[in-house]
Amino acid sequence: MLLYSLLHLFGYEVTIDDLKNFRQWGSRTPGHPEYGHTPGVEATTGPLGQGISMAVGMALAERHLAALFNRPGFEMIDHYTYTICGDGDLMEGISAEACSLAGHLKLGRLIVLYDSNDISLDGETHFSFTEDVAKRYEAYGWQVLRVENGNDLEEIAQALEKAKQEQERPTLIEVRTTIGFGSPNRAGTSSVHGSPLGAEESKLVKEAYNWPYEPFHVPDEVRQLFAGFQEQGKQQEAAWNDKFKRYQQEFPELAKDFLDAIENRLPVGWDSSLPKFNPEDGKIATRDASGKALNAIAKAVPFFLGGSADLASSNKTALKDMGNLSANSYGGRNIWFGVREHAMGAILNGMMLHGGVKVFGGTFFVFSDYLRPAMRLSALMKQPVIYVLTHDSIAVGEDGPTHQPIEHLAALRVIPGMTVIRPADANETVAAYRYAVADSEGPVSVVLSRQGLPVLPGTDCLAAEKLAKGAYVLADVENPQVILIASGSEVSLAMQAQQELNQKGIATRVVSMPSWELFDKQPQSYKDEVLPPNVKKRVAIEMGHPMGWEKYVGEQGTVIGITGFGASAPGEKVMDEYGFTVQNVVSKVGQLL
C-alpha cells in the first residue's frame, strides 16, 4: 500500500478508488506489486529475495549500456538503481547469490535500503537470523552504512548521498526501524507484519500522529508538495531529451543503435546468417547447434548477451570474440554467473525489465528446479528471457539420476506463459531461436540434447516454416493408420520405427512436436491437419514423465515415457533399458492395432 499510495501522489494512473480497492478483484492494486498491471510498478515482487536480485540485474544492465553508449560529455545512461528489502529478503539464498555477484562486479550504482526491524512473519528474528549482516555484505564487496533512526529523514538522506559517492561498490544501507511504528499496541510485533490494524487500532495510530483527516483524504499541501516533485521530473526528462538530441547530432550511428536496443528493434535481416544443416553433416547435438545459433545471433544483434551458471563449456553458451562482462569491462557480452542458477534467473529478469538488452542464461535442464521461481516470474511478467537448458534426458547416461531430467518437461510446461521448445535436430534448434528472439511475448525454454542427433531430412525447410506452430508432419504416408508423435531426440527414434512399421504394412505418420504451447495456440483446422481426428491409434514418445501427453494421443493411444528416476550407465544402455528402442515402439503400435 505504501508503494501504491506513492504512485498515486506522484501522478501515476492509480486513483483513490484504486487504493480503496486494495487486494480486490479487478483492481489495479493487487496484494503484491505486479509489473504490467499497475502503472509505475517496475517489477513483480512478493517472493522474498526476487526483488533485490532483479535490482542487481537492472544495475548490471545500466553498467553494460553505459559502457556501450556513453561518451565524454554525453553520459546518457547514468542512473542509480534503488531497492528496499527486509530481513526476510536477506535470509533467502537467492539474495546471497545475487549480492555476491553484485559485489564481485562492483555495481556501484546499486543502492539497497535494508529495513532492519528484527521482525519476521513468525516472530522476532533472533529465533532464526542472528548473523552479522553488515559483515557478510562487506565480505561480498559492498559498502555498508547504518541509519540508527529510520524516522530521521535527514539521516537517511545523508546516507543516500554517501552511497552515491561510492562508485566501486554497491551500498547496503541498514535502516533501523520499528515495524508498525505509531501503533500503541502492536508496534514492534509480528502481528502487524501481514494483517490489518483494525478500526480501533487505526484510530489510535491517527491520534498518535495527530492526523485528523478522514480515510483516503490527501491534504492540499501534500498534493502541492508532490506536484512540485512531478514538475522536477518533467524538467529532468526534458533536459535528458535535449541532451539526447545533441547526442544524435554528435554520434548518429551510436544514437541509432541505442534506440534500436531500447526499443528492442532487431536489425533488418538479422536471421539471414543463422546456420543451416544437412543430413550429410552427420550427428550434431542440439546443444552444439544451439551454440552456433547463439553466436550467429550475437554477431547480428548487438544488444544480445548472456551466460551460464558455470556451465558455458557444457551448455555451449560462450559467445566467441564478444568479451567477458566484468568490473573492468562492462561492455563484454559473456556473463559469468558462477554457480548461482536462481540468481541468474532473477538477474536476467531484471536486465529485461531495465530494457536495452535481450538476454539468455544456460544450465543443465535438471537444474531448472533451481531456476524455477525466477522462471515463473519471467512468465508472470511476460519477459522474453531465453533459458538454454541442456543435457535433457536419461541419455545423459553415466552421471545418473541426479543429472537426468524426468519430471522437468512437465514441470515447465505447466507454468502459464512459459514456452517450452525441445528441438528434434540442429535445424529445429535454429528455428527455436528464431522464434525466441523475434516472436516470443514471454520466456522461452530451449531444451537441448547432450548426445549427437542426425539432421533429419526435410527439417531445413519444414522447421523454418512450421516450428513456430509447435508441431508438424515430418514424414507422411497415404492414409496413415498410426501416428507417432515425439519431441527432441525421440523424433529420430520415431523416424526409424516408421520405416519398420511401413515395411510391415502399417502406414505410419511421424509428427515432430517440439512445443506443446505453440501447437495449442494454432487453429483447430491446423491441429486436425497434423493430427487427423479419424486416426486414433497414436503413440507419443518422450524421455520424460508422460503426464499431459494424453490430450494428444487420446483414449486409443499410448505414451512411451518414464515414471521413475533414471540410472547410471552409458546413455545407449539406459535408453534401451527404459524402452526407447525401435523394437519397443513397433511393439506398442502392434498392441494398439
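This note's numbering puts the first residue of the sequence shown at 534, with every later residue one more than the last. Backbone N, C-alpha and C define an ideal beta-carbon position, used for all residues, glycine too.
What residue range is occupied by the uninterrupted beta strand (DSSP E) comprising residue 867?
Taking the first residue of the sequence shown as position 1, residue 867 is located at position 334. Note, residue 867: beta strand (DSSP E), 867-869.
Cα separation between residue 637 and residue 871?
Start at 1 with the first residue of the sequence shown, and residue 637 comes out as number 104. Start at 1 with the first residue of the sequence shown, and residue 871 comes out as number 338. If you take the alpha carbons of residue 637 and residue 871, they lie about 11 Å apart.
Determine whether the beta carbon atoms of residue 903 and residue 978 lie at a separation below 7 Å.
Along the sequence shown, read from residue 1 onward, the residue named residue 903 stands at position 370. Along the sequence shown, read from residue 1 onward, the residue named residue 978 stands at position 445. It is not a contact, given that the beta carbons lie outside the stated cut-off.
Beta carbon of residue 960 nearer than 7 Å to that of residue 993:
Here the question's residue 960 lines up with position 427 in the sequence shown. Here the question's residue 993 lines up with position 460 in the sequence shown. Taking the C-beta atoms as reference points, residue 993 is found nearer than 7 Å to residue 960.
Cβ contact (3+ pairs, closer than 8 Å) linking the segment 670-681 and the segment 729-749:
In short, these stretches do not touch, since the Cβ pair count stays below three.
For residue 761, which option in 544, 1032, 1089 has the closest C-alpha, if you only look at C-alpha atoms?
For the purposes of this step, residue 761 is taken as the residue at position 228 of the sequence shown. That would be 544, whose Cα lies nearest to the Cα of residue 761.
Should the segment 1077-1088 be called in touch with the segment 1113-1125, which here means at least 3 C-beta pairs below 8 Å?
Counting Cβ pairs under 8 Å, fewer than three are found: no touch.
Using the beta-carbon count (16 or more within 10 Å), is residue 597 buried or exposed?
For this step, residue 597 is matched to residue 64 along the sequence shown. Flag for residue 597 reads buried.
What's the gap between the Cα of residue 795 and the Cα of residue 1026?
As a first step, residue 795 is located in the sequence shown; it is residue number 262 there, counting from the start. As a first step, residue 1026 is located in the sequence shown; it is residue number 493 there, counting from the start. Those two C-alpha atoms are separated by around 44 Å.
If you scan the segment 923-1010 from start to end, which runs of the beta strand (DSSP E) of 3 or more residues do you find wholly inside it?
List check, beta strand (DSSP E) in window: 952-954, 977-980, 1005-1008.
For residue 610 and residue 1050, what's the separation of their Cα atoms in angstroms?
Within the sequence shown, residue 610 is the residue found at index 77, counting from 1. Within the sequence shown, residue 1050 is the residue found at index 517, counting from 1. Pairing residue 610 with residue 1050, the inter-Cα distance amounts to about 38 Å.
DSSP three-state call for residue 645: helix, strand or coil?
For this step, residue 645 is matched to residue 112 along the sequence shown. Looking at residue 645 - three-state DSSP - the assignment turns out to be strand.
Do residue 581 and residue 641 count as a contact pair if the criterion is CB distance below 7 Å?
Position 108 of the sequence shown, counting from 1, holds the residue named residue 641. Position 48 of the sequence shown, counting from 1, holds the residue named residue 581. For residue 641 and residue 581, no; Cβs fall outside 7 Å.
Looking at the secondary structure, which residues open and close the alpha helix (DSSP H) in which residue 823 lies?
Locating residue 823 in the sequence shown gives position 290, counting from the first residue. Residues 819-833.
Taking C-beta to C-beta, are residue 1073 and residue 1018 nearer than 7 Å?
The residue you call residue 1073 lines up with position 540 of the sequence shown. The residue you call residue 1018 lines up with position 485 of the sequence shown. In this structure, residue 1073 sits near residue 1018, with a CB-CB distance shorter than 7 Å.
Relative to the C-alpha of residue 604, which candidate in 1061, 780, 1112 has its C-alpha closest?
The residue labelled residue 604 in the question sits at position 71 within the sequence shown. Nearest Cα to residue 604 within the set 1061, 780, 1112: 780.
What's the gap between the Cα of residue 986 and the Cα of residue 1059?
Along the sequence shown, read from residue 1 onward, the residue named residue 986 stands at position 453. Along the sequence shown, read from residue 1 onward, the residue named residue 1059 stands at position 526. For residue 986 and residue 1059, the distance between alpha carbons rounds to 28 Å.
Could you check whether residue 951 and residue 912 sit closer than 7 Å to each other, using their CB atoms as the reference points?
Looking up residue 912 in the sequence shown gives position 379. Looking up residue 951 in the sequence shown gives position 418. Their beta carbons are under 7 Å apart, which means residue 912 touches residue 951 by this criterion.
Just how far apart, CA to CA, sit residue 864 and residue 1011?
Position 331 of the sequence shown holds residue 864. Position 478 of the sequence shown holds residue 1011. Going from the Cα of residue 864 to the Cα of residue 1011 covers about 56 Å.
Where DSSP assigns a beta bridge to residue 1045, which residues make up the other side?
Counted from its first residue, the sequence shown places residue 1045 at position 512. Listed as beta-bridge partners of residue 1045 by DSSP are 1005, 1019.
Count the other CB atoms within 10 Å of the CB of residue 785; is the residue buried (16 or more) or exposed (fewer)?
Numbered from its first residue, the sequence shown carries residue 785 at position 252. Per the 10 Å Cβ criterion, exposed.
Going by other Cβ atoms of all chains shown within 10 Å of its Cβ, with 16 needed for buried, is residue 549 buried or exposed?
Working through the sequence shown from its first residue, we reach residue 549 at position 16. Exposed, because fewer than 16 other Cβ atoms sit within 10 Å of the Cβ of residue 549.
Start-to-end residues for the alpha helix (DSSP H) that takes in residue 909:
Taking the first residue of the sequence shown as position 1, residue 909 is located at position 376. For residue 909, the enclosing alpha helix (DSSP H) begins and ends at 901-913.
Would you decide whether residue 733 is buried or exposed? Buried here means 16 or more other CB atoms lie within 10 Å of its CB.
Here residue 733 is taken as the residue at index 200 of the sequence shown, counted from 1. Of the other Cβ atoms in all chains shown, fewer than 16 fall within 10 Å of the Cβ of residue 733; this residue is therefore exposed.
Whole runs of the alpha helix (DSSP H) within the segment 559-645, excluding any shorter than 4 residues
Counting whole runs of 4 or more residues, the segment 559-645 contains the alpha helix (DSSP H) stretches 583-602, 620-624, 626-637.
By the 10 Å Cβ neighbour count, where 16 or more other Cβ atoms means buried, how is residue 534 classified, buried or exposed?
Stepping through the sequence shown from its first residue, residue 534 is reached at position 1. It counts as exposed.
Use the C-beta contact count for residue 974: other C-beta atoms within 10 angstroms, 16 or more gives buried, fewer gives exposed.
If you number the sequence shown from 1, residue 974 lands on position 441. Counting Cβ neighbours within 10 Å, residue 974 comes out exposed, since fewer than 16 surround it.
If you measure from the CB of residue 681, is any heavy atom of the ligand GTP nearer than 6 Å?
The ligand GTP is not among the ligands present in this structure, which contains no ligands whatsoever.
If you reduce the DSSP assignment to three classes, tell me which class residue 861 lands in.
Mapped onto the sequence shown, residue 861 falls at position 328. Here residue 861 carries a coil assignment [DSSP, helix/strand/coil].
Taking C-beta to C-beta, are residue 1016 and residue 1092 nearer than 7 Å?
Indexing the sequence shown from 1 puts residue 1016 at position 483. Indexing the sequence shown from 1 puts residue 1092 at position 559. The answer is no: Cβ separation not under 7 Å.
Check whether the segment 583-592 and the segment 878-893 touch, using three or more Cβ-Cβ pairs below 8 Å as the test.
With a cut-off of 8 Å, the segment 878-893 and the segment 583-592 count as touching, because enough Cβ pairs lie within range.
Cα-Cα separation, residue 600 to residue 862:
For the purposes of this step, residue 600 is taken as residue 67 along the sequence shown, with counting starting at 1. For the purposes of this step, residue 862 is taken as residue 329 along the sequence shown, with counting starting at 1. Rounded to whole angstroms, residue 600 to residue 862 spans 8 Å at the Cα level.
Return the CA-CA distance between residue 965 and residue 742, expressed in angstroms with no decimal places.
Within the sequence shown, residue 965 is the residue found at index 432, counting from 1. Within the sequence shown, residue 742 is the residue found at index 209, counting from 1. Approximately 59 Å between the Cα atoms of the pair.
In the DSSP assignment, find the unbroken beta strand (DSSP E) run with residue 891 in it and report its ends.
Here the question's residue 891 lines up with position 358 in the sequence shown. It spans 891-897 - the beta strand (DSSP E) in which residue 891 sits, taken as one unbroken run.
Strand pairing of residue 846, partner residues [DSSP]:
The residue labelled residue 846 in the question sits at position 313 within the sequence shown. Among the bridge pairs identified by DSSP, residue 846 is matched with none.
For residue 1105, three-class secondary structure by DSSP:
Against the sequence shown, residue 1105 aligns to sequence position 572. In the three-state reduction of the DSSP assignment, residue 1105 falls in the helix class.
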